[in-house]
Amino acid sequence: PLLLIADMLGFEPDAYDDLLRWSDDMIRGTTGTPTPEVQLAAMNAGIQFREYQLQVIADRRSRPPQDDLISTLVNAEINGNRLDDESIVSETLLILIGGDETSRHVITCGMLALLEFPDQRDILAKSPELIETGVEELLRWVSPIKNMARTVTAPVELHGQSLREGDQVMLFYPSANRDNRVFDNPDQLDVRRNPNPHLAFGFGPHFCLGASLARLELTIMFDELLRRIPDISLATNETLEFRASNFISGPESMPVRFTPSH
Numbered sequence: 051p052l053l054l055i056a057d058m059l060g061f062e063p064d065a066y067d068d069l070l071r072w073s074d075d076m077i078r079g080t081t082g083t084p085t086p087e088v089q090l091a092a093m094n095a096g097i098q099f100r101e102y103q104l105q106v107i108a109d110r111r112s113r114p115p116q117d118d119l120i121s122t123l124v125n126a127e128i129n130g131n132r133l134d135d136e137s138i139v140s141e142t143l144l145i146l147i148g149g150d151e152t153s154r155h156v157i158t159c160g161m162l163a164l165l166e167f168p169d170q171r172d173i174l175a176k177s178p179e180l181i182e183t184g185v186e187e188l189l190r191w192v193s194p195i196k197n198m199a200r201t202v203t204a205p206v207e208l209h210g211q212s213l214r215e216g217d218q219v220m221l222f223y224p225s226a227n228r229d230n231r232v233f234d235n236p237d238q239l240d241v242r243r244n245p246n247p248h249l250a251f252g253f254g255p256h257f258c259l260g261a262s263l264a265r266l267e268l269t270i271m272f273d274e275l276l277r278r279i280p281d282i283s284l285a286t287n288e289t290l291e292f293r294a295s296n297f298i299s300g301p302e303s304m305p306v307r308f309t310p311s312h
C-alpha cells in the first residue's frame, strides 16, 4: 500500500523507505503511554517528513502541473485562494498514513484471521467470487482505525445519553463493528456476511476518501494470496507483537511459511 500511495502522491522511489519509517514512528507515538524514546522518534519523524515535503512542494510550485496528488494540491484553489505549504504538508501526511497504515494492517490482520479460522479461508479459496464480500467482513473484523474524536455541535440524546453542544465524544469503531444490535453473531468471522454495514471507513461527511482504492487493493491482495500461496501458515508459535497504538494497530511483524509457486 505504501508504494502505491507514495507514487500517487508523487514522491520519488528513493524516499519510500524513509516515508515508511516516518509513518511508523509517528503512529507509534499515538499510544497512550509512549516512552521518551518513542516520543522523540515520533517528533523527529514529523520534523523530517515536513522538511522533505516542503522540498517536494517547492519543486511542484516551480514547474508546470504534474500528474500527481501533490501537484493537484499545490494548484488547487478554494474561493480563489491556494493552499499554503503547511496545509499541503498536513493533507499529504493524512493521505500517506491513511493510505498506507490502514490497508497494510487489514492485509496482515485479515490474513491472520483467515489462518485462525481455516474454514473461512477455505470458503474464499474455493469460491473466489466471494472475495469482495470477504474483504468487507475482514474490514469489519479488523477495524483498522480504532477511534476518532468528535465535538457535539447541537444538543442530542443518543441511546439514553444526553449530549450537550461542545461535549467531546470518542467513537470506537471496533465496538460499533461488533454491535449485536446490527450484526448477527458479531464475534464470528463470516466471509459470507451480507449485508455488512460496518463502519471501518467511517460514515457521513467524514467517510474515508480512499475507500474505493482500499477495497480494490484488498480484493486484489487476498485474491492473489489465496491463489498463489494456498498453504501459507504462521512460522512461529510465539504470540505476535502488536504495535502499542490506540489509533491504528497491527503486528509489528508476522513471519509466515509457504511453498513458493513456479
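Its first residue numbered 51, the sequence shown is counted upward by one per residue in the numbering used here. Think of the CB as a built atom: it goes at the ideal place given N, C-alpha and C, for glycine as much as any other residue. Please read these numbers as outputs of a predicted model, since none were measured by experiment.
1) Helix, strand or coil, according to DSSP, for Ser112 in the structure here?
2) May I ask which residues mark the beginning and end of the alpha helix (DSSP H) holding Phe222?
3) Given 8 Å as the limit, is there contact between the stretch 298-312 and the stretch 187-196, that is, 3 or more CB pairs closer than that?
4) Who are the Cβ neighbours of Arg231 in its own chain at under 8 Å, not counting the five residues just before and after it?
5) From the DSSP output, read off the bridge partner residues of Gly298.
6) I'd like the list of long-range same chain contacts for Phe167, defined as Cβ closer than 8 Å, with 5 residues on each side in sequence excluded.
7) Verify whether the separation of the beta carbon atoms of Phe233 and Asn246 is less than 9 Å.
8) Could you compute how far the alpha carbon of Asp135 sits from the alpha carbon of Leu259?
9) Which same chain residues, not among the five before or five after Glu141, have their C-beta less than 7 Å away from its C-beta?
10) Where do the N-terminal and C-terminal ends of the beta strand (DSSP E) with Leu213 fall, by residue?
11) Among Thr201, Arg113, Pro224, whose alpha-carbon lies nearest the alpha-carbon of Leu213?
12) Identify whether Leu208 lies in helix, strand or coil by the three-state DSSP scheme.
13) Please determine if the stretch 162-182 and the stretch 263-274 are in contact, where contact requires at least 3 C-beta pairs separated by less than 8 Å.
This is what the structure holds:
1) Here DSSP, grouped into helix, strand and coil, assigns Ser112 to coil.
2) Where Phe222 is concerned, there is no enclosing alpha helix (DSSP H), although the beta strand (DSSP E) it sits in stretches over 218-222.
3) yes
4) none
5) Note that residue 298 corresponds to Ile in the displayed sequence, not to Gly. Bridge partners of Ile298: Ile195.
6) When the five nearest sequence neighbours on each side are left out, the beta carbons in the same chain lying within less than 8 Å of the beta carbon of Phe167 are those of Leu239, in order along the chain.
7) yes
8) Spanning the alpha carbons of Asp135 and Leu259 requires a straight line of approximately 21 Å.
9) Counting only Cβ-Cβ distances below 7 Å, and skipping sequence neighbours, we find Leu123.
10) Residues 211-213.
11) Selected option, being the one with the closest Cα: Thr201.
12) strand
13) yes
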